[in-house]
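Have a look at the structure below, then the notes.
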Amino acid sequence: MKNKKLICLAEAAIIVALAIGLSYLKIPTGLAFGGFGGSVDLVMIPLIVFAIRRGPIWGLATGLAFGTLKFFLAEGFAINVWSMLLDYSLAYMMVGLAGFIPAARKSIPLSALAALIGCLGRFVIHFISGVTIYAEYMPETFFDMTMTSPAFYSLLYNGSYMLPNTILAVLICALITKPINTLANPK
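As numbered in this note's numbering, residues 27 to 213 make up the sequence shown, in order.
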(Lines of atoms letter the chains of each structure in order from A and count residues from 1; the text may use other names and numbers.)
(Lines give C-alpha, C1' and ligand atoms only; values in the text may rest on other atoms or scores of the structure.)
Protein backbone atom coordinates (compact mmCIF):
# COMPACT_ATOMS: atom_id res chain seq x y z
CA MET A 1 0.00 0.00 0.00
CA LYS A 2 2.79 2.43 0.86
CA ASN A 3 4.53 1.72 -2.46
CA LYS A 4 1.37 2.55 -4.42
CA LYS A 5 1.06 5.92 -2.68
CA LEU A 6 4.73 6.61 -3.31
CA ILE A 7 4.36 5.70 -7.00
CA CYS A 8 1.30 7.96 -7.30
CA LEU A 9 3.17 10.81 -5.60
CA ALA A 10 6.16 10.36 -7.94
CA GLU A 11 3.85 10.30 -10.96
CA ALA A 12 2.10 13.44 -9.71
CA ALA A 13 5.44 15.23 -9.37
CA ILE A 14 6.38 14.25 -12.93
CA ILE A 15 2.99 15.41 -14.22
CA VAL A 16 3.32 18.76 -12.44
CA ALA A 17 6.83 19.23 -13.84
CA LEU A 18 5.63 18.34 -17.35
CA ALA A 19 2.68 20.74 -17.09
CA ILE A 20 4.94 23.52 -15.78
CA GLY A 21 7.24 22.96 -18.76
CA LEU A 22 4.27 23.07 -21.14
CA SER A 23 3.06 26.31 -19.52
CA TYR A 24 6.00 28.12 -21.11
CA LEU A 25 4.80 27.07 -24.58
CA LYS A 26 1.69 29.17 -25.02
CA ILE A 27 -0.19 31.43 -27.35
CA PRO A 28 -1.34 34.49 -25.38
CA THR A 29 -4.92 35.50 -26.10
CA GLY A 30 -6.26 37.64 -23.26
CA LEU A 31 -3.48 40.21 -23.41
CA ALA A 32 -4.05 40.67 -27.13
CA PHE A 33 -7.60 41.76 -26.29
CA GLY A 34 -6.45 44.31 -23.72
CA GLY A 35 -7.21 42.01 -20.80
CA PHE A 36 -5.15 40.56 -18.00
CA GLY A 37 -4.22 37.18 -19.39
CA GLY A 38 -5.39 33.89 -20.76
CA SER A 39 -3.58 31.69 -23.23
CA VAL A 40 -3.91 28.60 -25.36
CA ASP A 41 -1.57 25.86 -24.20
CA LEU A 42 -1.35 22.13 -23.51
CA VAL A 43 -0.96 22.16 -19.72
CA MET A 44 -4.28 20.47 -19.05
CA ILE A 45 -3.43 17.35 -21.09
CA PRO A 46 -1.07 15.73 -18.54
CA LEU A 47 -3.35 16.80 -15.68
CA ILE A 48 -6.37 15.18 -17.35
CA VAL A 49 -4.52 11.98 -18.23
CA PHE A 50 -3.21 11.70 -14.68
CA ALA A 51 -6.66 12.32 -13.18
CA ILE A 52 -8.18 9.63 -15.41
CA ARG A 53 -5.36 7.24 -14.50
CA ARG A 54 -5.28 7.85 -10.74
CA GLY A 55 -8.76 9.10 -9.91
CA PRO A 56 -10.30 12.34 -8.71
CA ILE A 57 -8.52 12.72 -5.36
CA TRP A 58 -5.06 12.48 -6.91
CA GLY A 59 -6.24 14.52 -9.91
CA LEU A 60 -7.65 17.34 -7.79
CA ALA A 61 -4.57 17.45 -5.54
CA THR A 62 -2.19 17.45 -8.50
CA GLY A 63 -4.16 20.20 -10.25
CA LEU A 64 -4.05 22.27 -7.06
CA ALA A 65 -0.29 21.80 -6.76
CA PHE A 66 0.25 22.64 -10.42
CA GLY A 67 -1.96 25.73 -10.34
CA THR A 68 -0.22 27.12 -7.29
CA LEU A 69 3.24 26.45 -8.71
CA LYS A 70 2.23 27.85 -12.10
CA PHE A 71 1.43 31.18 -10.49
CA PHE A 72 4.86 31.40 -8.88
CA LEU A 73 7.00 29.78 -11.59
CA ALA A 74 5.30 30.68 -14.87
CA GLU A 75 4.70 34.42 -14.71
CA GLY A 76 1.33 34.29 -12.99
CA PHE A 77 -0.73 37.44 -12.67
CA ALA A 78 -3.16 38.24 -9.87
CA ILE A 79 -4.59 41.45 -8.49
CA ASN A 80 -5.01 39.98 -5.01
CA VAL A 81 -4.74 36.69 -3.15
CA TRP A 82 -8.31 35.73 -4.08
CA SER A 83 -7.64 36.10 -7.79
CA MET A 84 -4.50 33.97 -7.40
CA LEU A 85 -6.45 31.27 -5.58
CA LEU A 86 -9.32 31.27 -8.06
CA ASP A 87 -7.44 31.70 -11.34
CA TYR A 88 -4.60 29.35 -10.55
CA SER A 89 -4.97 27.03 -7.56
CA LEU A 90 -8.70 26.28 -7.72
CA ALA A 91 -9.08 26.56 -11.49
CA TYR A 92 -6.43 23.94 -12.20
CA MET A 93 -7.63 21.85 -9.28
CA MET A 94 -10.96 21.52 -11.11
CA VAL A 95 -9.20 19.88 -14.06
CA GLY A 96 -8.91 16.89 -11.72
CA LEU A 97 -12.68 16.40 -12.05
CA ALA A 98 -11.75 14.38 -15.14
CA GLY A 99 -10.82 11.61 -12.71
CA PHE A 100 -14.47 10.98 -11.91
CA ILE A 101 -14.68 8.99 -15.17
CA PRO A 102 -12.21 6.14 -14.56
CA ALA A 103 -13.52 4.10 -17.49
CA ALA A 104 -12.13 6.87 -19.72
CA ARG A 105 -8.82 5.02 -19.67
CA LYS A 106 -10.23 2.48 -22.11
CA SER A 107 -12.83 4.43 -24.06
CA ILE A 108 -12.20 7.23 -26.55
CA PRO A 109 -15.65 8.83 -26.08
CA LEU A 110 -15.28 8.66 -22.29
CA SER A 111 -11.77 10.13 -22.34
CA ALA A 112 -13.11 13.01 -24.43
CA LEU A 113 -15.96 13.41 -21.91
CA ALA A 114 -13.50 13.34 -18.98
CA ALA A 115 -11.42 16.05 -20.68
CA LEU A 116 -14.55 18.11 -21.28
CA ILE A 117 -15.58 17.81 -17.62
CA GLY A 118 -12.11 18.87 -16.41
CA CYS A 119 -12.05 21.85 -18.78
CA LEU A 120 -15.58 22.87 -17.85
CA GLY A 121 -14.64 22.78 -14.16
CA ARG A 122 -11.71 25.09 -14.83
CA PHE A 123 -13.87 27.42 -16.92
CA VAL A 124 -16.49 27.72 -14.15
CA ILE A 125 -13.84 28.90 -11.67
CA HIS A 126 -12.44 31.44 -14.15
CA PHE A 127 -15.98 32.63 -14.86
CA ILE A 128 -16.66 33.12 -11.14
CA SER A 129 -13.39 35.04 -10.81
CA GLY A 130 -14.36 37.26 -13.74
CA VAL A 131 -17.80 38.01 -12.33
CA THR A 132 -16.64 38.68 -8.78
CA ILE A 133 -13.05 39.93 -8.78
CA TYR A 134 -12.45 41.30 -12.27
CA ALA A 135 -15.89 42.88 -12.77
CA GLU A 136 -14.56 46.29 -11.76
CA TYR A 137 -12.01 46.08 -14.61
CA MET A 138 -14.64 45.33 -17.26
CA PRO A 139 -14.01 47.54 -20.30
CA GLU A 140 -16.74 49.59 -21.92
CA THR A 141 -16.36 47.59 -25.14
CA PHE A 142 -15.06 44.09 -25.79
CA PHE A 143 -15.03 42.36 -29.19
CA ASP A 144 -16.68 45.54 -30.53
CA MET A 145 -19.63 45.03 -28.18
CA THR A 146 -20.74 47.36 -25.41
CA MET A 147 -20.26 45.63 -22.07
CA THR A 148 -22.94 46.16 -19.44
CA SER A 149 -22.93 42.76 -17.73
CA PRO A 150 -19.93 41.37 -15.83
CA ALA A 151 -21.30 37.87 -16.41
CA PHE A 152 -21.43 38.36 -20.18
CA TYR A 153 -17.98 39.92 -20.19
CA SER A 154 -16.57 37.04 -18.12
CA LEU A 155 -18.21 34.53 -20.44
CA LEU A 156 -16.68 36.17 -23.51
CA TYR A 157 -13.29 36.85 -21.99
CA ASN A 158 -12.76 33.44 -20.43
CA GLY A 159 -14.36 31.71 -23.38
CA SER A 160 -11.85 33.39 -25.71
CA TYR A 161 -9.07 31.19 -24.39
CA MET A 162 -10.91 28.34 -22.66
CA LEU A 163 -12.83 27.26 -25.78
CA PRO A 164 -9.65 26.64 -27.83
CA ASN A 165 -8.02 24.99 -24.78
CA THR A 166 -11.04 22.74 -24.33
CA ILE A 167 -11.15 21.73 -27.99
CA LEU A 168 -7.41 20.91 -27.91
CA ALA A 169 -7.71 18.93 -24.67
CA VAL A 170 -10.73 16.93 -25.82
CA LEU A 171 -9.18 16.07 -29.19
CA ILE A 172 -5.75 15.19 -27.84
CA CYS A 173 -7.13 13.11 -24.96
CA ALA A 174 -9.34 11.22 -27.43
CA LEU A 175 -6.37 10.63 -29.74
CA ILE A 176 -4.02 9.37 -27.03
CA THR A 177 -6.50 7.11 -25.20
CA LYS A 178 -5.48 3.90 -26.94
CA PRO A 179 -1.68 4.52 -26.80
CA ILE A 180 -1.90 5.44 -23.11
CA ASN A 181 -4.03 2.39 -22.39
CA THR A 182 -1.55 0.18 -24.24
CA LEU A 183 1.37 1.60 -22.24
CA ALA A 184 -0.52 1.24 -18.96
CA ASN A 185 -1.55 -2.35 -19.68
CA PRO A 186 1.23 -4.10 -21.64
CA LYS A 187 0.47 -7.61 -22.90
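In this text, a Cβ means the ideal position worked out from N, Cα and C, and glycines have one as well.
Contact under 8 angstroms by Cβ, residue i with residue j
i    : j    : result
I41  : L68  : no
G81  : M120 : no
L116 : I143 : no
Y50  : A91  : no
E166 : T158 : no
I206 : V107 : no
S137 : I78  : yes
Three-state class that DSSP yields for residue i in the structure shown
i    : result
F59  : Since pLDDT at F59 reaches only 49, below the 50 mark, its modelled position is unreliable, and the value read off the structure follows with that caveat. F59: helix per DSSP, three-state reduction.
I127 : coil
V66  : strand
M164 : coil
A104 : coil
K96  : helix
K132 : coil
G216 : Residue 216 lies beyond the residue range present for the chain, which begins at 27 and ends at 213; the question has no answer from this structure.
I226 : There is simply no residue 226 to check, as the chain begins at 27 and stops at 213 in what is shown.
G147 : helix
T158 : helix
G81  : coil
Rounded Cβ spacing between residue i and residue j (contact assumed at less than 8 angstroms)
i    : j   : result
A104 : F98 : No, A104 and F98 are not in contact; Cβ-Cβ is about 11 angstroms, not under 8 angstroms.
I46  : L95 : 6 angstroms
Opposing strand residues paired with residue i [DSSP bridges]
i    : result
M171 : F168
P54  : S65
Spell out a yes or no on whether the segment 137-156 and the segment 106-113 are touching, meaning 3 or more CB-CB pairs, one atom from each, closer than 8 angstroms. Counting Cβ pairs under 8 angstroms, three or more are found: they touch.
Determine contact between the segment 180-192 and the segment 123-140, defined as no fewer than three beta-carbon pairs at a distance below 8 angstroms. Counting C-beta pairs with one atom in each stretch, the segment 180-192 and the segment 123-140 have fewer than three that are closer than 8 angstroms, which means they do not touch.
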